[in-house]
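**Q** Numbering (mature numbering (1 follows the signal peptide of the UniProt record, and there is no 0)), first residue to last: -17 to -1, 1 to 115. Even for Gly, the Cβ is constructed at its ideal location relative to N, Cα and C. Keep in mind that this is a model prediction, so the values were computed, not measured.
1. Would you mind stating whether residue 14 and residue 42 have Cβ atoms separated by less than 9 Å?
2. Can you find the residues in the same chain that come closer than 7 Å, C-beta to C-beta, to residue 27, ignoring five residues on each side of it along the sequence?
3. Less than 7 Å between C-beta atoms, sequence neighbours within five positions excluded: which residues of the same chain meet that for residue 84?
4. Taking the alpha-carbon positions, what's the residue 94 to residue 88 distance?
5. Of the choices 49, 37, 103, whose alpha-carbon is the least far from that of residue 29?
6. Can you confirm whether residue 15, when its beta carbon is compared against all beta carbons of chain D, has any partner nearer than 9 Å?
7. Please state whether DSSP places residue 61 in a helix, a strand or coil.
8. Would residue 73 and residue 25 qualify as a contact pair, given that the criterion is a beta-carbon distance under 9 Å?
9. So the beta strand (DSSP E) residue 22 belongs to, where does it begin and stop?
10. From the DSSP secondary-structure annotation, give me the bridge partner or partners of residue 54.
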């Protein structure tokens, strides 16, 4: 039982150090649209070079040591406001990883007290009937 636990722990730490996107990047996500440029980043072993393919362009990521044998890579994507879903591919000597169905837009999070409670049609009516 102890041997199995030790092997599991070693496998988990080795899998974590693999070439990957940061944890909060995933398929079906929304990144900031133009005019801002979106950053995308992750981790790679032994500071290997990372290239990002996005919208027919290849972008070289900046790779910096993050302690131990793991390094952090970061790339800035060109500003885009296209409405079609994109695929973002990161390539390194350690393999290829892909994010599918990535959109660019704005994500709004609203919170508050009871005065924040209204429906979308009410928002439309407030703006169309207000005097400017």
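**A** With the structure as the only source:
1. As a first step, residue 14 is located in the chain shown; it is residue number 31 there, counting from the start. As a first step, residue 42 is located in the chain shown; it is residue number 59 there, counting from the start. Pairing residue 14 with residue 42 gives a Cβ-Cβ distance that is not under 9 Å.
2. Numbered from 1 along the chain shown, position 44 holds the residue referred to as residue 27. Within the same chain, residue 27 has close Cβ partners 2, 33, 46, 54, 56, 75, 77.
3. Position 101 of the chain shown, counting from 1, holds the residue named residue 84. 10, 11, 68, listed in sequence order.
4. For the purposes of this step, residue 94 is taken as the residue at position 111 of the chain shown. For the purposes of this step, residue 88 is taken as the residue at position 105 of the chain shown. Straight through space, the alpha carbons of residue 88 and residue 94 are spaced by roughly 20 Å.
5. Counting from 1 along the chain shown, the entry for residue 29 is found at position 46. Of the listed residues, the one whose Cα sits closest to residue 29 is 49.
6. Note that chain D does not occur in the displayed structure, where there is just one protein chain.
7. Here residue 61 is taken as the residue at index 78 of the chain shown, counted from 1. Look at residue 61 here: in three-state DSSP terms it is coil, with no helix or strand label.
8. Numbered from its first residue, the chain shown carries residue 73 at position 90. Numbered from its first residue, the chain shown carries residue 25 at position 42. Yes, these two residues count as a Cβ contact at 9 Å.
9. Counted from its first residue, the chain shown places residue 22 at position 39. Residues 22 to 28.
10. Taking the chain shown and counting its residues from 1, one reaches residue 54 at position 71. 27, 48.
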